[in-house]
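Take this note's numbering: the final residue in the sequence shown is number 366, and no numbers are missing along the way. Positions of the beta carbon are idealized from the N, C-alpha and C atoms, including for glycine. Treat the numbers as computed from the prediction; the structure is a model and nothing was measured. Encoded as structure tokens, the structure appears first; notes follow it.
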Amino acid sequence: MTRTDMPVHIIRYDTIRYGENPWLLVCGLIWFLQLITILMIPDIKNKKRCIIFNIGHKNMILTTMKTFSICHRCLCCIVAVLALVSCSRENNGDGNDDGSDIHETDLQKYPGKGEIKIMSFNVRCSTSKETNPYNGWDFRKDACLEMIRDQKPSLIGFQEAVFDTQWSFFKDSLAKNYEGFGVGRNDGMEKGECMGILFRKSDIKKIDGGTFWLSETPDKPSRADSWGAGNYRSATWGIFEDIATGNKFCYINTHLDLVSSARTKEMELISERFSMYNPDNYPQFLSADFNTTQNDKIFDYIEPGMLNSRDEAPEDKTDENTTYNGWGDAGGKIIDDIFGSAKVTVNEYHTVYESYGDAAYLSDHYPIYAIFKFNK
């Protein structure tokens, strides 16, 4: 059975830990107690293994091992059933409360003719010092590649991809099927994080594209100090063509600042740049880690002309799952989004909770994608 034929159980990594599923913890403690009993307690009267506590001058027999073993097995069975039920309800990751599994057949997953699939993925910069070393880039990078190869997006916009260790890794490793462009945000060349765009060569053709900075001087590497920005922020833009249909479109990928006042100015600039880069009024798309939730007024700069794919997808083809997971140590938030103009229809939106490779997490953000259909 190939991967694409296999049912995929969407697993919420942060909800299968023992601390968040007490039934698993209880089951483990029971097994541990039996092990200690078998290894440490000697035989006594009737050649039955007993649990004995010496209290003063009395030997207090609590139970025989035979009785303990029967009770233990019954209790373990009950706890195991409760644990499985609990996991199935918590780990479906589809935003529903009915506890049902999501299978790959429930998702369209791949675009058809006249459709494109855009993915947004904050990969967590490789320069971060992780508390858990297994969240480091070297332990995640192969799983990230496996995810992209399986998902096969038409285009993918990255955030936090450090140019020399992450962006170059993706671009080189996926070169058979993808081309890409983007620069380091700190110097416009190879220094710092890259908000690069990869596009599938068999499906998409690049017509034009480049980078601008979210600052008062957008055409050169710069930080918006007067806006209160904490970091250099850039955006990668492109005019593309869907090879199968000839449909042209404009796509911008970016990563907004952590400071609210800066984000407001950044979104205002992005709206202006759409008008600059897309004078022919092609369908347009925006993907980002916005570092803010959906109710923020910054989205007024692009709505109602552009709509959130999560909200516009059919009810049975979308979810409200969190996109930021904080490695499971923080409360989740929806801060990653993909917007499309009113000239397209959203077939499907999906937060990619599926597991890939040996990595517990692909990143501290889940990848997201949306499948858009060009309206005639």
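What is the C-beta distance between residue i and residue j, in whole angstroms, given that I count them as a contact (C-beta under 8 Å)?
| i | j | result |
| --- | --- | --- |
| Asn315 | Tyr351 | 7 Å |
| Leu145 | Ile194 | 6 Å |
| Ile361 | Lys107 | 5 Å |
| Ala225 | Thr207 | Rounded, the Cβ-Cβ distance is 14 Å, inconsistent with contact. |
| Asp309 | Asn112 | With 8 Å as the limit, Asp309 and Asn112 do not qualify as a contact, their Cβ atoms being about 18 Å apart. |
| Ile187 | Leu164 | Rounded, the Cβ-Cβ distance is 12 Å, inconsistent with contact. |
| Asp306 | Ile358 | That belief does not hold up - the Cβ atoms of Asp306 and Ile358 are roughly 17 Å apart, past 8 Å. |
| Phe189 | Phe159 | Not really, about 17 Å apart at Cβ, beyond 8 Å. |
| Glu169 | Cys115 | Actually they are not in contact, since the Cβ atoms of Glu169 and Cys115 sit about 23 Å apart, beyond 8 Å. |
| Tyr222 | Arg175 | 5 Å |
| Ala214 | Ala349 | Incorrect: roughly 34 Å between the Cβ atoms, too far for contact. |
| Asn167 | Trp317 | In fact, because the Cβ distance is near 30 Å, the residues do not count as touching under 8 Å. |
My output table needs one value for residue i: the three-state DSSP class, helix, strand or coil.
| i | result |
| --- | --- |
| Gln156 | helix |
| Gln274 | strand |
| Cys115 | coil |
| Tyr351 | coil |
| Thr367 | Examination of residue 367 is not possible in this model, given that the chain is present from -9 through 366 alone. |
| Met179 | coil |
| Lys255 | helix |
| Asn337 | strand |
| Asp290 | helix |
| Ile325 | coil |
| Asn365 | coil |
| Met296 | strand |
| Glu169 | strand |
| Gly316 | helix |
| Ala151 | strand |
| Arg190 | strand |
| Lys99 | coil |
| Arg213 | coil |
| Tyr346 | coil |
| Asn311 | coil |
List the DSSP bridge partners of residue i.
| i | result |
| --- | --- |
| Asn243 | Thr226 and Ser277 |
| Ala360 | Ile108 and Tyr339 |
| Lys196 | Phe230 |
| Ile138 | Beta-bridge pairing links Ile138 to no other residue. |
| Ser331 | Met296 |
| Thr201 | Thr226 |
| Lys238 | Glu231 |
| Gly174 | Cys184 |
| Ile146 | Met109 and Leu188 |
Is the Cβ-Cβ distance between residue i and residue j less than 8 Å?
| i | j | result |
| --- | --- | --- |
| Thr244 | Ile260 | yes |
| Gly182 | Phe153 | yes |
| Cys184 | Phe148 | yes |
| Thr235 | Gly330 | no |
| Pro294 | Lys333 | no |
| Val342 | Gln156 | no |
| Phe275 | Ile324 | no |
| Tyr356 | Glu136 | no |
| Ile292 | Met257 | yes |
| Glu338 | Gln98 | yes |
Would a check of beta-carbon distances place residue i closer than 8 Å to chain D?
| i | result |
| --- | --- |
| Trp127 | The chain labelled as chain D is not found in the depicted structure, where only one protein chain is given. |
**Prompt:** Is it true that the stretch 210 to 221 meets the stretch 242 to 261, where meeting means three or more beta-carbon pairs spaced less than 8 Å apart?
**Reply:** yes
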